[in-house]
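Chemist: In this text, residue positions in the sequence shown follow numbering that gives the first Met the number 0: the first is 0, and each later residue adds one.
Sharing a structure, written as structure tokens. Questions coming.
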Amino acid sequence: MRNSGGIVRFVLDNKIHEVDFEKLHLSPTTTVLTYLRGLEGYKGVKEGCSEGDCGACTVVLAELNNRGGLEYKSVDSCLVFLPMIHGKQLITIENLAVTTPEQTQLHPVQTAMISHHGSQCGYCTPGIVMSLFALYKNHQQPSRETVTDAVTGNLCRCTGYRSIIDAALDVCHHPADDHFSAEQEHVLALLGDIASEKTTLDLQGHGQRYLKPFTLEEALLVRSRHPDATIIGGSTDTALLQTKKNIMLAKILDLSAVDAMKFIVEDHRRVSFGAGTSLQELLEYAENRLPYLRDIVAVFGSLQIRNMATLGGNVGTASPIGDLLPLLLVLEAKVRLMKTDFQRDVPLHEFITGYRKTALAPDELITLVWFDKPGDKELIKTYKISKRKDLDISSVSAAMRLTISTDGIISSARLAFGGVAATPKRATRTENYLVGKRWNRVTAMAAAVLLPEEFTPISDARADDAARNIMMKNLLIKFWTETDGNPQTLNVTDYEK
Ligand SMILES: Cc1cc2nc3c(=O)[nH]c(=O)nc-3n(C[C@H](O)[C@H](O)[C@H](O)COP(=O)(O)OP(=O)(O)OC[C@H]3O[C@@H](n4cnc5c(N)ncnc54)[C@H](O)[C@@H]3O)c2cc1C
Ligand code: FES
Ligand code: FES
0 MRNSGGIVRF VLDNKIHEVD FEKLHLSPTT TVLTYLRGLE GYKGVKEGCS EGDCGACTVV
60 LAELNNRGGL EYKSVDSCLV FLPMIHGKQL ITIENLAVTT PEQTQLHPVQ TAMISHHGSQ
120 CGYCTPGIVM SLFALYKNHQ QPSRETVTDA VTGNLCRCTG YRSIIDAALD VCHHPADDHF
180 SAEQEHVLAL LGDIASEKTT LDLQGHGQRY LKPFTLEEAL LVRSRHPDAT IIGGSTDTAL
240 LQTKKNIMLA KILDLSAVDA MKFIVEDHRR VSFGAGTSLQ ELLEYAENRL PYLRDIVAVF
300 GSLQIRNMAT LGGNVGTASP IGDLLPLLLV LEAKVRLMKT DFQRDVPLHE FITGYRKTAL
360 APDELITLVW FDKPGDKELI KTYKISKRKD LDISSVSAAM RLTISTDGII SSARLAFGGV
420 AATPKRATRT ENYLVGKRWN RVTAMAAAVL LPEEFTPISD ARADDAARNI MMKNLLIKFW
480 TETDGNPQTL NVTDYEK
């Protein structure tokens, strides 16, 4: 199972770069940010928050896509453990310009940032340029919305965003081939060379052990032999234990290279998402198919977070503020748990057993999440209330689903809320009240009053319990105004203040 020497290999500067953790006395959970900052000539990448909120540390990872080309993803290097980039190309701010003894030729995104005056103090600029570089490589003529989404994860405190957005719109209008396009075949060959070695990486150093399998079979085997290892999918939740709480993870099982856990399958009856599907892949899939999923994933973290974070990780956290969980609850999703010789499908509400606690056994992995497709006529909406629209933690989140029979009567109701109890939870008593009633203003207002009786919200920096109760009620009223087809029947005074 052990790869020779426990060496991580990735492409940097168009060459294979090797990191031998034992030889370098390096912790396997060294982040890409820390590694680069210690490497001569790579200090362009900056550290701001170390928790995925500022984007100063943004780098781009290029990896093989299913069309045989390269896909460019912006990520927060402060949350990415070095072994996670094994088999990928790491692109840093130093790689954008081409320097010869005669001259330095800036990359088009750098030139655009200069001509639009997109930088003042410059601390955020390398991160912003890397986000714009990924945008440039992935989008032809992006909309303003796509551009703003690309820089949502990058904080700029002095320049402001207008000139940065103008630079992006200008340079991506007709993106031309750059030196990365010219080098693509060479990079693909290097990545192919690394990918040909599929033995589980077993890295040790600093009293830590890091296991990185490439197949599902190996992943299940490692899980059965190392039930004490912390599992990571995208590590956007787990890395914070190290970067913010100074907890050194003794043993890690990294699933980020298990391709068999990255898939989306839809047939006439159900939709299944592999646990390793990234939130950005979910968003792209949901865009024109599942508006209720799109609406909640669109306000999930930032692009850098969504590029790494996985569905399995969101379910695995069992967090009361896990934004996908209320929706998965109303969809009555099932979580597939697998071990080497057995698998079981557990309803999500049984999988979550308490505050950040799950029914996952020590030898099991979450491999997929599936749900039966709702009927075309069902009313389904998702909501997230947070202090700011993007890159923020939910104060309250909600998913609501109603089936209305042909005579206008509610035949089934499912309402789930996040942020108002120790776990995301269905409002079963309010659901029962709704069934058998007509979906109109009177029903919605009466049901809203019942909601707070079902939950015991906490008070914290985001909102106190009273505010959370009001948010729940008003979300149900909002759901009615958006689905009843008579928004004009709402009075502003219907909302509770
Ligand atoms: C800046 C920032 C913004 C964020 N914004 C949001 C947001 O808007 N909404 C939101 O809900 N969350 C948010 N998060 C939290 C986090 O990104 C999500 O919960 C994400 O889905 C976690 O996925 P991951 O793959 O990165 O999880 P990881 O950190 O890899 O894992 C999380 C947990 O799941 C377990 N796990 C992961 N995969 C498996 C598996 N296959 N089998 C068994 N267990 C598994 C792990 O052991 C761990 O306990 C944010 C985090 C950051 C840092
Ligand atoms: S340092 Fe702020 S996002 Fe990484
Ligand atoms: S230029 Fe100063 S923070 Fe953006």
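We put the beta carbon where it would ideally sit given N, CA and C, even for glycine.
Grab the span of the beta strand (DSSP E) containing Leu89 for me, first residue to last.
Modeler: Counting from 1 along the sequence shown, the entry for residue 89 is found at position 90. Element bounds for Leu89: 88 to 90.
Chemist: Which term fits Leu23, buried or exposed, when burial requires 16 or more other beta carbons within 10 angstroms of its beta carbon?
Modeler: Taking the first residue of the sequence shown as position 1, residue 23 is located at position 24. Label assigned to Leu23: exposed.
Chemist: Spell out a yes or no on whether the stretch 304 to 320 and the stretch 401 to 414 are touching, meaning 3 or more CB-CB pairs, one atom from each, closer than 8 Å.
Modeler: Segments in contact, no.
Chemist: Relative to ligand 3, is the shortest distance from any of its heavy atoms to the C-beta of Thr57 smaller than 7 Å?
Modeler: Residue mapping note: residue 57 aligns to position 58 of the sequence shown, counting from 1. No - ligand 3 has no heavy atom lying nearer than 7 Å to the Cβ of Thr57.
Chemist: My output table needs one value for Gly126: the three-state DSSP class, helix, strand or coil.
Modeler: Translated into the one-based positions of the sequence shown, residue 126 becomes position 127. Correct three-state label for Gly126: helix.
Chemist: Would you say Cys123 touches ligand 2, meaning its beta carbon is less than 7 Å from a heavy atom?
Modeler: Sequence index remark: in the sequence shown, residue 123 carries index 124 (1-based). No, ligand 2 has no heavy atom inside 7 Å of this Cβ.
Chemist: Starting from the C-beta of Val434, find all residues in its chain whose C-beta is less than 8 Å away, skip the five residues before and the five after it, and write them out in chain order.
Modeler: Within the sequence shown, numbered from 1, the residue matching residue 434 stands at position 435. Only Ile409, Ser410, Ser411, Ala412 meet the Cβ criterion.
Chemist: Do you know whose CA, among Glu481, Ala426, Ala466, lies nearest Trp438's CA?
Modeler: What you label residue 438 is simply residue 439 of the sequence shown in a count that begins at 1. The candidate whose alpha carbon is nearest that of Trp438 is Glu481.
Chemist: If you scan the stretch 421 to 491 from start to end, which runs of the alpha helix (DSSP H) of 4 or more residues do you find wholly inside it?
Modeler: You should have 427 to 433, 440 to 449, 464 to 482.
Chemist: Any heavy atom of ligand 2 closer than 7 Å to the beta-carbon of Gly54?
Modeler: Looking up residue 54 in the sequence shown gives position 55. Checking the Cβ of Gly54 against ligand 2 gives yes.
Chemist: For Gln140, which residues of its own chain have a beta-carbon under 7 Å away from its beta-carbon, when the five flanking residues on both sides are left out?
Modeler: Residue mapping note: residue 140 aligns to position 141 of the sequence shown, counting from 1. Cβ within range, chain order: Cys171, His172.
Chemist: Does ligand 3 have even one heavy atom less than 7 Å from the beta-carbon of Ser223?
Modeler: As a first step, residue 223 must be located in the sequence shown, where it is residue number 224. No, the beta carbon of Ser223 sits no closer than 7 Å to any heavy atom of ligand 3.
Chemist: May I ask you to verify whether the stretch 469 to 476 touches the stretch 442 to 456, counting CB pairs closer than 8 Å and requiring at least 3?
Modeler: The stretch 469 to 476 is in contact with the stretch 442 to 456.
Chemist: Contact defined as beta carbons within less than 8 Å: I believe Lys211 pairs with Ala175. What is the distance between those atoms, to the nearest angstrom?
Modeler: The sequence position of residue 211 within the sequence shown is 212, counting from 1. The sequence position of residue 175 within the sequence shown is 176, counting from 1. About 37 Å; that fails the 8 Å criterion.
Chemist: For the putative contact between Ser394 and Ser385, defined by C-beta atoms under 8 Å, what is the C-beta separation to the nearest angstrom?
Modeler: Along the sequence shown, one-based indexing puts residue 394 at 395. Along the sequence shown, one-based indexing puts residue 385 at 386. About 6 Å; that satisfies the 8 Å criterion.
Chemist: Which residue comes first and which comes last in the alpha helix (DSSP H) that contains Phe262?
Modeler: For this step, residue 262 is matched to residue 263 along the sequence shown. From DSSP, Phe262 is part of no alpha helix (DSSP H); its letter is neither H nor E.
Chemist: With distance defined between alpha-carbon atoms, name the residue in Arg208, Ala194, Glu377, Cys48 nearest to Gly86.
Modeler: Here residue 86 corresponds to residue number 87 of the sequence shown, with the count starting at 1. Per the Cα distances, Ala194.
Chemist: Just how far apart, CA to CA, sit Met399 and Thr381?
Modeler: Reading the sequence shown from its first residue, position 400 is the one you call residue 399. Reading the sequence shown from its first residue, position 382 is the one you call residue 381. Cα to Cα, Met399 sits roughly 6 Å from Thr381.
Chemist: For Arg288, which residues from the same chain have a beta carbon less than 7 Å from its beta carbon, with the 5 sequence-adjacent residues on both sides left out?
Modeler: In the sequence shown, counting from the first residue as 1, residue 288 sits at position 289. Correct list: empty, nothing qualifies.
Chemist: How long is the line joining the alpha carbons of Ala365 and Thr235, rounded to whole angstroms?
Modeler: For the purposes of this step, residue 365 is taken as the residue at position 366 of the sequence shown. For the purposes of this step, residue 235 is taken as the residue at position 236 of the sequence shown. It is Ile, not Ala, that sits at residue 365 in the sequence shown. Cα-Cα distance, rounded: 17 Å.
Chemist: Can you pull the DSSP bridge partners for Tyr209?
Modeler: Within the sequence shown, numbered from 1, the residue matching residue 209 stands at position 210. According to DSSP, which records beta bridges pairwise, Tyr209 is partnered with Leu202, Ile251.
Chemist: By a C-beta neighbour count over all protein chains shown, 10 Å radius and 16 as the cutoff for buried, is Lys424 buried or exposed?
Modeler: To locate residue 424, count along the sequence shown from 1; it is residue 425. The residue is buried, with at least 16 neighbouring Cβ atoms inside 10 Å.
Chemist: Can you give the Cα-Cα distance for Arg343 and Leu336, rounded to whole angstroms?
Modeler: Here residue 343 refers to the residue found at position 344 of the sequence shown. Here residue 336 refers to the residue found at position 337 of the sequence shown. Distance between the alpha carbons of Arg343 and Leu336 is about 5 Å.
Chemist: Applying the criterion that 16 or more other CB atoms from any shown protein chain within 10 Å of the CB defines a buried residue, is Met247 buried or exposed?
Modeler: Residue numbering aside, residue 247 sits at position 248 when the sequence shown is read from its first letter. Looking at its Cβ environment, which holds fewer than 16 other Cβ atoms inside 10 Å, Met247 is exposed.
Chemist: By Cβ distance, which residues of its chain are closer than 6 Å to Lys436, with the 5 residues on each side in sequence left out?
Modeler: On the sequence shown, residue 436 is found 437 positions in, with the first residue counted as 1. Taken in chain order, the residues that qualify are Ile409, Thr442.
Chemist: Can you tell me whether Lys333 is helix, strand or coil according to DSSP?
Modeler: Here residue 333 refers to the residue found at position 334 of the sequence shown. In the structure shown, Lys333 sits in a strand (DSSP, three-state: E or B).
Chemist: Report whether the distance from the Cβ of Arg268 to the nearest heavy atom of ligand 3 is below 7 Å.
Modeler: Against the sequence shown, residue 268 aligns to sequence position 269. It does not: the Cβ of Arg268 is nowhere closer than 7 Å to a heavy atom of ligand 3.
Chemist: Along the alpha helix (DSSP H) that carries Lys22, what are the first and last residues, could you check?
Modeler: Working through the sequence shown from its first residue, we reach residue 22 at position 23. Lys22 -> alpha helix (DSSP H) spans 20 to 23.
Chemist: Assuming the contact rule is C-beta atoms closer than 8 Å, Gly417 and Ile304 should be a hit. Round their C-beta distance to whole Å, please.
Modeler: Sequence index remark: in the sequence shown, residue 417 carries index 418 (1-based). Sequence index remark: in the sequence shown, residue 304 carries index 305 (1-based). In fact, because the Cβ distance is near 17 Å, the residues do not count as touching under 8 Å.
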